[in-house]
Amino acid sequence: MQRNDRSYKNLKQKQKSAIADKTYKMYLKFYLENQRMPDAAEMNDICKSLFATVQTLAPQTEYEDFYKIVEKRDRGYEERILRDIESGITLEILAAKKHKKTPEEKAVIIKQKKQQRQAKRKKEAREKSTADEILQDDRFFFIAGYTSGGAPYGVTWEEMGMEPWEDLKEK
Numbered sequence: 003m004q005r006n007d008r009s010y011k012n013l014k015q016k017q018k019s020a021i022a023d024k025t026y027k028m029y030l031k032f033y034l035e036n037q038r039m040p041d042a043a044e045m046n047d048i049c050k051s052l053f054a055t056v057q058t059l060a061p062q063t064e065y066e067d068f069y070k071i072v073e074k075r076d077r078g079y080e081e082r083i084l085r086d087i088e089s090g091i092t093l094e095i096l097a098a099k100k101h102k103k104t105p106e107e108k109a110v111i112i113k114q115k116k117q118q119r120q121a122k123r124k125k126e127a128r129e130k131s132t133a134d135e136i137l138q139d140d141r142f143f144f145i146a147g148y149t150s151g152g153a154p155y156g157v158t159w160e161e162m163g164m165e166p167w168e169d170l171k172e173k
């Protein structure tokens, strides 16, 4: 649903961040292809292509306002681009990041996540079942709990009329 009364200033931070990321990627791609930052005319072309995205989100935004925002960001981009290039980013890596998953790849991921959830549930069930086991020691047939000092309390072997670790047999 499109809101006709919204300007760039009224966008959510997440939306602004997505636009800023697109802007940066376009600048980075330009720099990797041309080994320099875009001049004013090229910057104008980048802004025009991005402005279409902005218009869908915020129809009240004027091109000049958006251009000023991109112009402010432009100042920090060159330093950031040089850091990224130093860390090894290339056009191939940048293009690979755009790869969208096919339905088959999505299905495989969903299947893997389902298996991970099932394994986690089984593990939790095993841990819970061991926690539910009857606790015994040499003195107590059944340990009901522990005092604040750490001493166990419960039903002793003598109270049960049994010897420690005697097998429970149905009689």
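Position one of the sequence shown corresponds to residue 3 (my numbering), numbered consecutively onward. Note that the Cβ used here is the ideal one computed from N, Cα and C, for glycine as well.
Going by DSSP, TYR29 is part of the alpha helix (DSSP H) stretching over 15-36. CYS49 sits close to TYR69, with the two beta carbons spaced by under 7 angstroms. In the three-state reduction of the DSSP assignment, ALA153 falls in the coil class. Look at ILE48 here: in three-state DSSP terms it is helix.
Shown here, ILE145 sits in a strand according to DSSP, grouped into three states. Bridge partners of THR58 according to DSSP: none are assigned.
Following the DSSP letters along the chain, one finds ASP67 inside the alpha helix (DSSP H) bounded by residues 65-88. If you look at MET162, you'll find it in the alpha helix (DSSP H) that goes 159-162. Just measuring C-alpha positions, the residue of GLN17, LYS18 and PRO40 sitting nearest MET28 is PRO40. Note on geometry: alpha-carbon atoms of GLU126 and THR158 lie some 31 angstroms from one another. If you compare the alpha carbons of TYR148, ARG8 and LEU84 with that of THR58, the shortest gap goes to ARG8.
Assigned with DSSP and collapsed to three states, GLN120 falls in helix. By the neighbour-count criterion, in which a residue is buried when 16 or more other Cβ atoms sit within 10 angstroms of its Cβ, VAL110 is exposed. Here TYR26 really is in contact with TYR79; their C-beta atoms are around 6 angstroms apart, less than 8 angstroms. Closest in C-alpha terms to LEU30, from the list GLU66, GLU106, SER150 and GLU94, comes GLU94.
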